[in-house]
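To keep things clear, I will list the structure first and then write my remarks on it.
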Amino acid sequence: MSDPTRVAIACQGGGSHTAYTAGVLEELFRECDWDDEFELVGISGASGGAFNALAAWYGFVSEGPDRAAELVDAIWNDLAATEFGDRLLNGWLKQLNALHAAGVPLPEVSPYDVPGEEIGKTRIREVLETHVDFDEIEAFCTREAPELVVGTVDVNAGVFETFVDEAVTVEAVLASAAVPNAFQAVEIHGHYHWDALFSQNPPIDDLMGQPPARKPEELWIVQVNPQTFEGEPKTVEEIADRRNELSGNISMNQELRFVEQVNEWIEDGRLPPEEFSKTAIHRIAMGKRFGASSKIDRDPDFLDELQALGRERCGEFLDGR
Numbered sequence: 009m010s011d012p013t014r015v016a017i018a019c020q021g022g023g024s025h026t027a028y029t030a031g032v033l034e035e036l037f038r039e040c041d042w043d044d045e046f047e048l049v050g051i052s053g054a055s056g057g058a059f060n061a062l063a064a065w066y067g068f069v070s071e072g073p074d075r076a077a078e079l080v081d082a083i084w085n086d087l088a089a090t091e092f093g094d095r096l097l098n099g100w101l102k103q104l105n106a107l108h109a110a111g112v113p114l115p116e117v118s119p120y121d122v123p124g125e126e127i128g129k130t131r132i133r134e135v136l137e138t139h140v141d142f143d144e145i146e147a148f149c150t151r152e153a154p155e156l157v158v159g160t161v162d163v164n165a166g167v168f169e170t171f172v173d174e175a176v177t178v179e180a181v182l183a184s185a186a187v188p189n190a191f192q193a194v195e196i197h198g199h200y201h202w203d204a205l206f207s208q209n210p211p212i213d214d215l216m217g218q219p220p221a222r223k224p225e226e227l228w229i230v231q232v233n234p235q236t237f238e239g240e241p242k243t244v245e246e247i248a249d250r251r252n253e254l255s256g257n258i259s260m261n262q263e264l265r266f267v268e269q270v271n272e273w274i275e276d277g278r279l280p281p282e283e284f285s286k287t288a289i290h291r292i293a294m295g296k297r298f299g300a301s302s303k304i305d306r307d308p309d310f311l312d313e314l315q316a317l318g319r320e321r322c323g324e325f326l327d328g329r
C-alpha cells in the first residue's frame, strides 16, 4: 500500500463568507480517509478563516476528523445572530454597510470612539474559548501533528506576522480578525496587530516551509473571494466589491506563484528532485459573488446557505479528483 498523500489546507479570510469554508471543511473531514488516503500536515487561516483553521485543527488533533467537522460547525452556529437583540444589531449593521458600499456618504468613526466596541470581540473570544482549550494547544503540538498557522499584520513593524502551533493564542486569532475600521488592534508582545486580510490571506509560506518529510504534496486552497470579474466594474458598489476581492486575492496569488515556480524548477531539473518535491495546488473556490457588504452578515439563514454551498463545492472537488 502506498503512503498517504500529504495535504495542507489554507483557509482564506473574508468575514462571514468564511462560513463557506466551514462547510468545505465539514465535508473534507467527514468524507476523506485521513488514515490511509490522506495525511494532514498543516492547516492555516486568516481572519474568519483562522476561526475555521483553529477549530478544525483542534478537533482533529484532540479527537479526530469527525470532531474537526463538528467543531467548525459549532463555532459558526454560536457566531450566528440568533437572539432578538443580536438580530436587530446585525440587520442595522448590514444596512449601514450596504449604504456605505453604495456610496452614500456616512461619517467615518474610529472603533476607539464607539461605545461598546469590545462587545463584539468579547463575543468572539467567548465562542472560541467555549470550544477550544487554548491551554492544551502546546501539548498537542507534536512532531506528528499537523502544523497550525494563523496570519496577522504587525501594525507597528509594518510586516506580516504568523503565529504557529503553540504560539497560537486566543489573542492571535482575535488579531487575525481585527478589521481596522471595526475593531481595535490587538496587542501581542508589545506590538499591535490587525486583520490578516492585509497580509498573507491565507498563510501559505509556513505550510510550504516544513521539513521535506512533512512538505505537502497537495495544497488545498479554500478560496472565498472570486478570482475573476466579467466586464468593467462601474457602479460604486461594484468598484468597492472588486477592490475588496482583489485585496484578499493578490497576496495569495503571489505566494501560489512561488509554489508554481518551484514546481517548474524541479520539472526543468534546476532543483534536485531528491531534495525538493513538487506540490500540486487545488482551489476549492466559492464561485459565487455575494458582495463585500454581506461579509458582516451573521444571519443564521445566510450562514447556513454558505455552509451548504461549501459542502456542495467540496463534494464536487472530491468527485473530480
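Add 8 to a position in the sequence shown, counting from 1, and you land on the number used in this note's numbering. Just so you know, even glycine gets a beta-carbon here, dropped at the ideal spot from N, CA and C.
Contact check, residue 194 vs residue 145, beta carbons under 9 Å: No, Cβ-Cβ distance for residue 194 and residue 145 is not below 9 Å.
Starting from residue 29, trace the alpha helix (DSSP H) in both directions and tell me its first and last residue. 27 to 39 is the span of the alpha helix (DSSP H), which, as asked, contains residue 29.
In the DSSP assignment, what are the bridge partners of residue 155? As computed with DSSP, residue 155 is found in a beta bridge with 50.
Start-to-end residues for the beta strand (DSSP E) that takes in residue 229: In the DSSP annotation of this structure, the continuous segment of the beta strand (DSSP E) that includes residue 229 starts and ends at 226 to 231.
Pairing CB atoms from the stretch 260 to 275 with CB atoms from the stretch 209 to 227, are three or more of them under 8 Å? By the Cβ test, the stretch 260 to 275 is in contact with the stretch 209 to 227, since at least three Cβ pairs between them sit closer than 8 Å.
How would you label residue 244, buried or exposed, when you count the other beta carbons within 10 angstroms and need 16 or more for buried? So residue 244 counts as exposed.
So what does DSSP say about residue 322, is it helix, strand or coil? Helix, per DSSP.
Are the stretch 77 to 90 and the stretch 232 to 251 touching, with three or more C-beta to C-beta distances below 8 Å? Taking 8 Å as the limit for Cβ pairs, the verdict is that the stretch 232 to 251 does not touch the stretch 77 to 90.
Would you decide whether residue 164 is buried or exposed? Buried here means 16 or more other CB atoms lie within 10 Å of its CB. Residue 164 is exposed by the Cβ-count criterion.
Mapping DSSP to helix, strand and coil, what is residue 170? DSSP places residue 170 in strand when its eight states are reduced to three.
CA-CA distance, residue 33 and residue 74? When rounded, the distance between both Cα atoms is 10 Å.
Taking 9 Å as the CB-CB cut-off, is residue 291 touching chain B? Included in the structure is just one protein chain, with no chain B present.
Following the continuous beta strand (DSSP E) through residue 13, name the residue where it begins and the one where it ends. Per DSSP, the continuous beta strand (DSSP E) segment holding residue 13 begins and ends at 13 to 19.
Determine the DSSP secondary structure at residue 160, reduced to helix, strand or coil. Three-state result, residue 160: strand.
Supposed contact pair residue 159 and residue 58 - C-beta distance, whole angstroms, cut 8 Å: Going by Cβ atoms, the distance from residue 58 to residue 159 rounds to 7 Å, so yes, they are a contact pair.
Among the candidates 190, 229, 200 and 290, whose CA atom is the shortest distance from the CA of residue 4? Here the chain has residues from 9 to 329 only, and residue 4 is not among them.
Residue nearest to residue 203 in terms of C-alpha spacing, selected from 192, 184, 221 and 220: Out of 192, 184, 221 and 220, 184 has the C-alpha closest to the C-alpha of residue 203.
Run through DSSP, which three-state label would residue 251 get? In this structure, residue 251 counts as helix in the three-state DSSP scheme.
Rounded C-beta distance between residue 182 and residue 51? I'm assuming under 8 Å. Beta-carbon to beta-carbon, residue 182 and residue 51 are separated by about 18 Å, too far to satisfy the 8 Å threshold.
Length of the line joining the Cα atoms of residue 35 and residue 76: Distance between residue 35 and residue 76, taken at the CA atoms: about 10 Å.
DSSP bridge partner residues for residue 194 (one or two, in chain order): The secondary-structure analysis by DSSP pairs residue 194 across a beta bridge with 201.
Report the CB separation of residue 53 from residue 303 in whole angstroms; it is logged as a contact under 8 Å. Not confirmed; about 15 Å, so no contact.
Could you pull the DSSP bridge partners for residue 290 from this structure? Residue 290 pairs with 228.
Just tell me which of 320, 317, 315 and 301 has its CA closest to the CA of residue 104. When only C-alpha atoms are compared, the closest one is 301.
Sufficient close CB pairs (3 or more, under 8 Å) joining the stretch 227 to 236 to the stretch 292 to 299: The stretch 227 to 236 is in contact with the stretch 292 to 299.
So which of 306, 192, 143 and 80 has the shortest CA-CA distance to residue 93? Proximity to residue 93 across 306, 192, 143 and 80 peaks at 306, based on C-alpha coordinates.
Tell me which same chain residues have a C-beta within less than 7 Å of the C-beta of residue 273, skipping the five on either side of it? Annotation for residue 273: 279 place their beta carbon closer than 7 Å to its own, counting only its chain and skipping 5 residues before and after.
Buried or exposed: residue 138, going by 16 or more other Cβ atoms within 10 Å of its Cβ? So residue 138 ends up on the exposed side.
Would you decide whether residue 27 is buried or exposed? Buried here means 16 or more other CB atoms lie within 10 Å of its CB. Per the 10 Å Cβ criterion, buried.
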